[in-house]
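Q: Numbering (our numbering), first residue to last: -4 to 511.
Pasting a structure below so you can have a look.
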């Protein structure tokens, strides 16, 4: 309609055309233009199609006297069209379609109007190309998001949606008084199947196992595919733990039945670990870890069996409650310490930096898993204080090592949790520690995971920008176990990406990686 306002015409339309397919109507300024666009599309003839095919403007100042379009002209004249001027929508050396300018009176357009019309057609082509690019980006982003949430081979949900659903299930259990069970299944001697029959048969076997497990589920249950040959089944709203044992037996029976793949009969078994959660303070990662532990106990017992860890048992609950209580004074009692993983330059062989890792040695329970220590710290609201202590300790240790490193600067990398970044004034805390320890911020890298973006992307961007203004480096850690969105790398000021080992550990055996 804007084009109609600026040029001596009565109506305008745009048709998008693809080689080998029928013209597709896009837009028109009024019903008459819509009629003319559709006439050309339906008849496969008209100035619009001619401009598309020729790649140049087509002028018809008097449609009644022009004999080039015998099928289109009569119905168009009857509908009130007198003249038409068509301009190709150009895309480099090809055309997207055409811009059609219609008049109800005969007569040519002057040279200035023709030139302006082609310019407007080029502008319209740019809009269409941008719209197509945005749509392609939306589709690819959605596909990437879906891919990041599902196992590429089996199509099952992966760890990220599993943990999210388990979090919700545990919360519902606390309200309902029921329980949730996690069954962690690992295929026994799967590597020998790959070695004997090849990875192609192994892949087909994993897909077949996923199908059998899915067929065993109740409505509302979840089956997920984790690394390689590991599967997790989550059952909600259980009244009694005894309800799960029959399912574990059915899983064992279903997987022990022969699989026929490419004419090869394959037999296998599975070790299943079971963990329960109910009305206590369980964390989803704890439940998965304990189910994994129970699975390894079953495997050590010879496989083809299942083992159980019940997180509702009073002893385990009291242990966790005790750990939560003891963590408050752990650093005052010198139970917290930092372990350092060297970062080596593969070209020179020199250690150029270290990654600081939090460790807690409990006087009664020994070394507490780092994941559990961090989870307890977040749950107890201690993560900010402990995180500051770790950063300060790493900076002080770096100073001591630098005295022996000569002129070669030692860099440090420190992991920070999403809660630590998003709560309080984290950037000010970092600045304060660096100032107190006289540490060059350019030698400090803070490792964050994708979780910080998922929790509150807007807040995360503000905090990360504040950190960059201090001068520290930022690393995106464990890229590949979450949503793995490449948009993070564009939106957020990340200097380094640390790819999760799951992306690359089997790269030499993956034909898709090799071909790409």
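The C-beta atom is built at its ideal place from N, Cα and C for all residues, glycine as well.
Keep in mind the model is a prediction, meaning the values are calculated, not measured.
Relative to the C-alpha of residue 583, which residue among 367, 6, 215 and 196 is closest?
A: Residue 583 is absent from the model: the chain starts at -4 and stops at 511.
Q: DSSP on residue 514, reduced to helix/strand/coil?
A: Lying before the first or after the last residue shown, residue 514 is absent from the chain, which here runs from -4 to 511.
Q: At the level of alpha carbons, what is the spacing between residue 216 and residue 324?
A: 41 angstroms
Q: I need the DSSP call for residue 5, collapsed to helix, strand or coil.
A: Residue 5 falls in the coil class under three-state DSSP.
Q: Determine, using beta-carbon pairs with one atom in the region 278 to 294 and one in the region 245 to 257, whether at least three such pairs fall under 8 angstroms.
A: no
Q: What three-state label does DSSP hand residue 493 in the structure shown?
A: strand
Q: Can you tell me the Cα-Cα spacing of residue 357 and residue 371, whole angstroms?
A: Each residue's CA atom was taken as its position, placing residue 357 and residue 371 some 13 angstroms apart.
Q: State the DSSP-derived secondary structure class of residue 512, mapped to helix, strand or coil.
A: What is shown of the chain runs -4 to 511, which leaves residue 512 out entirely.
Q: List, from N- to C-terminal side, the alpha helix (DSSP H) runs of 4 residues or more that fit wholly inside the region 168 to 218.
A: 185 to 192 and 194 to 210
Q: Which class does residue 118 belong to by DSSP, given the choice of helix, strand or coil?
A: helix
Q: CA-CA distance, residue 148 and residue 227?
A: 15 angstroms
Q: Return the residue from the list 338, 456, 237 and 494 that minimises the CA-CA distance to residue 488.
A: 456
Q: Beta-carbon within less than 6 angstroms of residue 225's beta-carbon, same chain only, minus the 5 sequence neighbours each way: which residues are those?
A: 181
Q: Is the beta carbon of residue 151 closer than 8 angstroms to that of residue 219?
A: yes
Q: Three or more C-beta pairs closer than 8 angstroms, one from the region 387 to 404 and one from the region 321 to 340: is that the case here?
A: These segments touch.
Q: Do you know how far the Cα of residue 256 is from the Cα of residue 413?
A: The alpha-carbon atoms of residue 413 and residue 256 are separated by roughly 45 angstroms.
Q: Using C-beta distances below 7 angstroms, list every residue in its chain close to residue 164, excluding the 5 sequence neighbours before and after it, in chain order.
A: Beyond the five residues adjoining it in sequence on each side, residue 164 comes within less than 7 angstroms, by CB distance, of 175, 229 and 231 in the same chain, given in chain order.
Q: Are residue 80 and residue 49 close, meaning C-beta to C-beta below 8 angstroms?
A: no
Q: Cα separation between residue 385 and residue 269?
A: 35 angstroms
Q: If you reduce the DSSP assignment to three classes, tell me which class residue 346 lands in.
A: Strand, per DSSP.
Q: Does residue 89 come out as helix, strand or coil in the three-state DSSP assignment?
A: strand
Q: How many Å lie between residue 428 and residue 383 at the Cα?
A: 8 angstroms
Q: Spatial neighbours of residue 32 within its chain, please: CB distance less than 6 angstroms, with the 5 preceding and 5 following residues excluded, ordered by chain position.
A: 8, 10, 20 and 23
Q: Under a three-way DSSP split, which group does residue 239 fall into?
A: helix
Q: Given a cut-off of 8 angstroms, decide if residue 155 and residue 144 are closer than it, judged by their beta-carbon atoms.
A: yes
Q: Taking just the CA atoms, how far does residue 97 sit from residue 40?
A: Using only the alpha carbons, I get a separation of about 16 angstroms.
Q: Is the CB-CB distance between residue 197 and residue 185 below 8 angstroms?
A: yes
Q: Please state whether DSSP places residue 56 in a helix, a strand or coil.
A: coil
Q: Does the beta-carbon of residue 72 have 16 or more other beta-carbons within 10 angstroms, so that it is buried, or is it exposed?
A: exposed
Q: Quick check on residue 407: does DSSP put it in helix, strand or coil?
A: strand
Q: Between which two residues does the beta strand (DSSP E) carrying residue 266 extend?
A: 265 to 272
Q: Does the Cβ of residue 350 have 16 or more other Cβ atoms within 10 Å, making it buried, or fewer, making it exposed?
A: buried
Q: Name the DSSP beta bridge partners of residue 83, please?
A: 93
Q: Taking the alpha-carbon positions, what's the residue 212 to residue 190 distance?
A: 31 angstroms
Q: Comparing C-alpha positions only, which one of 171, 82, 494 and 329 sits nearest to residue 445?
A: Nearest of 171, 82, 494 and 329 to residue 445, Cα basis: 494.
Q: If you run the structure through DSSP and keep just helix, strand and coil, what is residue 355?
A: strand
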